[in-house]
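Enquirer:
Number of protein chains: 2
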Amino acid sequence: MRLVVATCSARYTGRLNAHLPLATRLLVVKADGSVLLHSDGGSYKPLNWMSPPCTLKTTTPDDDAAARGVTQVWTVQHAKSDDRLEIELHDVVHDSEHELGVDPGLIKDGVEAHLQALLAEQILLLGDGHSLVRREYMTAIGPVDILARAPQGGHVAVEIKRRGDIDGVEQLTRYLDLLNRDPLLAPVRGVFAAQEIKPQARVLATDRGIGCLVLDYEAMRGVDDAESRLF
Amino acid sequence: MRLVVATCSARYTGRLNAHLPLATRLLVVKADGSVLLHSDGGSYKPLNWMSPPCTLKTTTPDDDAAARGVTQVWTVQHAKSDDRLEIELHDVVHDSEHELGVDPGLIKDGVEAHLQALLAEQILLLGDGHSLVRREYMTAIGPVDILARAPQGGHVAVEIKRRGDIDGVEQLTRYLDLLNRDPLLAPVRGVFAAQEIKPQARVLATDRGIGCLVLDYEAMRGVDDAESRLF
DNA sequence: AGCTACATTTCGAAG
DNA sequence: CTTCGAAGTGTAGCT
C-alpha cells in the first residue's frame, strides 16, 4: 500500500464525467492497483477512486502541464471498461509504501437474518395463538421470510426488513397475491415487520390491509438471552 | 489528517456488532474526527469506520491487553448515537500527520437529470408523432419524469432510470393508475426508459402493458452536441 | 457468470 | 429538519 499526500487535481471519465479542482488530498494506492482519493472530511467515501481490476501508470508531465506546476501525472485505467481516472500531482508532501499482507476480513452479527430467527422463536409477537409454519417459505417468486398459522384458521405471511421501505410492501403484496391462490393456505394475511417503518410504507401497507409490526431488536435479543439461560 | 499503519484488531458495536481479527491495516483519522480502517484491497469501502460527528480517545492498554501485545487503544464514540469503534493497536509501522485544508469538492456531469433533459429534447425516440407536454409532471404521489402526448390521442408517461430495476416498474405502475383516472389525460400508456433494463423488470413491464425503451446515452448526447453546434 | 437483495450504506434534493 | 430516491454505489448469497 502506497500513501501519498499531495496537492492535486483529478478528472474521472466513465459512467459519468467529474472534475476535482486543485487541493491537498490523500492518495491511497492499494496492492490490487485500486486508487482512493480522500479529502480531510466527509464520510468513508472517497472524492474519487478507481476500483480493481485496474492499472496505475505514472508519467512525467508535458511542457504545458509542467508550466502549470504539475510534477507527476497518474493515469488509472480500469481493466474491463473505459473508466479512467487522471490525477495531476503538484507538491508532494508525503510518499511512503507499506507491506500489509492479506486481511482476514470482517465478522458480522446482527442483521436481517438474526431478526428473522428471533421473530421465528418469538412468533407470538404476531399475536396470541399464532404458530410457526416455517422460515424462508418457498414460493415460485421467492422465499417468504416467515409463514405462520393464524389462530382462527388461515395463515400469516411476514416480510422482515431492518428499515421498512415502500418496496418491501410491494414485495409482500406480490407474495400475498400468490399465496392466497393456494386453497390450503388461504386466507393469508400480511404482516410487514421492521425495526423502523417509514410513514409512506405504513400508509401503503394499511391501505392494502397489511399489518405493521415494529421490531425492538434489543428487546427481542434480551428475551432470547433469557431463554437461552434457562437451558 | 493522521495516517497510521499498524497491526490492529477492532470491534464495532452499534447498528450491528462486528469484529476484525489482528492484521496490518491503514488507519486514517480525518480532521472532523472520523476514522477509516482500510485493508490493502477490496474497494473504496473501509473494513470498519466511524462517521462524523464523533470523538477519538487514545488510551494506554490495561495489563491484560498489554500482555497480549497491545500498545494503544483507540475508542471512537459517535456523538449522537451509541455507535462505538474500539481499536487495539499492536505494532505501529507508520504514524504521520498532515494539514490538508478545506476541499473545493467534486463537480459532476451526466446523471439521470441529463438523460431526462435529452429525452425531453429527443421526444420522438418514443415514436413518431409524440410531443412533449412537460418534464417532472406533478401528480399527488410525485412527479412523473416525462409526460408526452401520443399521436393517436391519449398520453404517454415515461419513467427514466439509469438502471431499469423492478422497483422502477412498480413506481411507474402507481403513476399510471393515478393518471388514467384523469379523463383529460386517459388513456395513458407507460414507457420505462433506462440505459439498461434488467430482465425481470422487462418481464414485469411487458406483463403490465408497459413499453421498454433502452437509452443510448452517448448517442443521445451526440445528437445534442450536433444540434447545439447549429446555433 | 448473472441476478437479487442488503448495507453501520452515503449523498443529495425536495417537501 | 425529515423523507425519499440515486449511486461511478459495493457486497454477499444464490441460481
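First to last, the protein sequences are chains G and C. Counting from 1, one number per residue, gives the positions in the first sequence under our numbering. Counting from 1001, one number per residue, gives the positions in the second sequence under our numbering. For glycine and all other residues, C-beta sits at the position ideal for the given N, C-alpha and C.
With a CB to CB cut of under 7 angstroms and the five nearest residues on each side skipped, what residues in its chain are close to glutamine 1116 of chain C?
Expert: As a first step, residue 1116 of chain C is located in the second sequence; it is residue number 116 there, counting from the start. Once the five neighbours on either side are set aside, the close Cβ partners of glutamine 1116 of chain C are Arg1135, Asp1145, Ile1146 and Ile1160.
Enquirer: I think isoleucine 210 of chain G touches valine 188 of chain G, with their Cβ atoms under 8 angstroms apart; what is that distance to the nearest whole Å?
Expert: Translated into the one-based positions of the first sequence, residue 210 of chain G becomes position 210. Translated into the one-based positions of the first sequence, residue 188 of chain G becomes position 188. With 8 angstroms as the limit, isoleucine 210 of chain G and valine 188 of chain G do not qualify as a contact, their Cβ atoms being about 11 angstroms apart.
Enquirer: Just to confirm the assignment, what range does the alpha helix (DSSP H) spanning arginine 1134 of chain C have?
Expert: In the second sequence, counting from the first residue as 1, residue 1134 of chain C sits at position 134. Arginine 1134 of chain C -> not in any alpha helix (DSSP H); beta strand (DSSP E) instead, spanning 1131-1139.
Enquirer: Going by C-alpha to C-alpha distance, which of G:Gln72, G:Glu86, G:Leu56 and G:Val73 sits closest to threonine 13 of chain G?
Expert: In the first sequence, counting from the first residue as 1, residue 13 of chain G sits at position 13. Of the candidates G:Gln72, G:Glu86, G:Leu56 and G:Val73, the one whose C-alpha sits nearest the C-alpha of threonine 13 of chain G is G:Glu86.
Enquirer: How would you call glycine 1164 of chain C, buried or exposed, if buried means at least 16 neighbouring beta carbons within 10 angstroms?
Expert: By 1-based counting over the second sequence, the position of residue 1164 of chain C is 164. Result: buried.
Enquirer: Since alanine 1023 of chain C sits in a beta bridge, which residues does DSSP pair it with?
Expert: By one-based count along the second sequence, residue 1023 of chain C stands at place 23. DSSP output for alanine 1023 of chain C lists C:Cys1008 as bridge partner(s).
Enquirer: Hey, how far is the Cα of proline 104 of chain G from the Cα of threonine 59 of chain G?
Expert: The residue given as residue 104 of chain G occupies position 104 in the first sequence. The residue given as residue 59 of chain G occupies position 59 in the first sequence. Approximately 35 angstroms, taken between the alpha carbons.
Enquirer: Let's test the definition: count the other Cβ atoms within 10 Å of the Cβ of lysine 1108 of chain C and tell me whether it reaches 16, buried, or not, exposed.
Expert: Numbered from 1 along the second sequence, position 108 holds the residue referred to as residue 1108 of chain C. So lysine 1108 of chain C ends up on the exposed side.
Enquirer: Confirm, please, whether the CB-CB distance from valine 92 of chain G to alanine 219 of chain G is below 7 angstroms.
Expert: Taking the first residue of the first sequence as 1, we reach residue 219 of chain G at position 219. Taking the first residue of the first sequence as 1, we reach residue 92 of chain G at position 92. No, Cβ-Cβ distance for alanine 219 of chain G and valine 92 of chain G is not below 7 angstroms.
Enquirer: Going by DSSP, what residues sit across from methionine 50 of chain G in a beta bridge?
Expert: For the purposes of this step, residue 50 of chain G is taken as residue 50 along the first sequence, with counting starting at 1. In DSSP, methionine 50 of chain G forms a bridge with G:Val35.
Enquirer: Where does alanine 1205 of chain C fall in DSSP's three states?
Expert: Here residue 1205 of chain C is taken as the residue at index 205 of the second sequence, counted from 1. Helix at alanine 1205 of chain C.
Enquirer: Please report the distance separating the alpha-carbon of arginine 1181 of chain C from that of glutamine 1122 of chain C.
Expert: Looking up residue 1181 of chain C in the second sequence gives position 181. Looking up residue 1122 of chain C in the second sequence gives position 122. Distance between the alpha carbons of arginine 1181 of chain C and glutamine 1122 of chain C is about 28 angstroms.
Enquirer: If the cut is a Cβ gap below 9 angstroms, which residues of chain C does valine 5 of chain G touch?
Expert: Position 5 of the first sequence, counted from the start, is the residue given in the question as residue 5 of chain G. Met1001, Leu1003, Ser1096, His1098 and Leu1100, listed in chain order.
Enquirer: Could you check which residue in G:Asp216, G:Arg15 and G:Pro151 has the C-alpha nearest to that of alanine 193 of chain G?
Expert: As a first step, residue 193 of chain G is located in the first sequence; it is residue number 193 there, counting from the start. Of the listed residues, the one whose Cα sits closest to alanine 193 of chain G is G:Asp216.
Enquirer: Could you have a look at aspartate 1216 of chain C and say whether DSSP puts it in helix, strand or coil?
Expert: Counting from 1 along the second sequence, the entry for residue 1216 of chain C is found at position 216. Coil, per DSSP.
Enquirer: Determine the extent of the alpha helix (DSSP H) in which histidine 114 of chain G is found, giving its start and end residues.
Expert: As a position in the first sequence, residue 114 of chain G is number 114, starting the count at 1. It spans 112-121 - the alpha helix (DSSP H) in which histidine 114 of chain G sits, taken as one unbroken run.
Enquirer: Measuring alpha carbon to alpha carbon, tell me which of C:Gln1072, C:Thr1055 and C:Lys1057 ends up nearest proline 1063 of chain C.
Expert: Position 63 of the second sequence, counted from the first residue, corresponds to residue 1063 of chain C. Checking the sequence, you will find aspartate at residue 1063 of chain C rather than proline. The candidate whose alpha carbon is nearest that of aspartate 1063 of chain C is C:Gln1072.
Enquirer: Please classify serine 1034 of chain C as buried or exposed, where buried requires at least 16 neighbouring CB atoms within 10 angstroms.
Expert: Within the second sequence, residue 1034 of chain C is the residue found at index 34, counting from 1. The residue is buried, with at least 16 neighbouring Cβ atoms inside 10 Å.
Enquirer: For chain C, find out if any of its Cβ atoms is closer than 7 angstroms to the Cβ of serine 43 of chain G; answer yes or no.
Expert: On the first sequence, residue 43 of chain G is found 43 positions in, with the first residue counted as 1. Yes, serine 43 of chain G lies at the interface with chain C (some Cβ there is under 7 angstroms from its Cβ).
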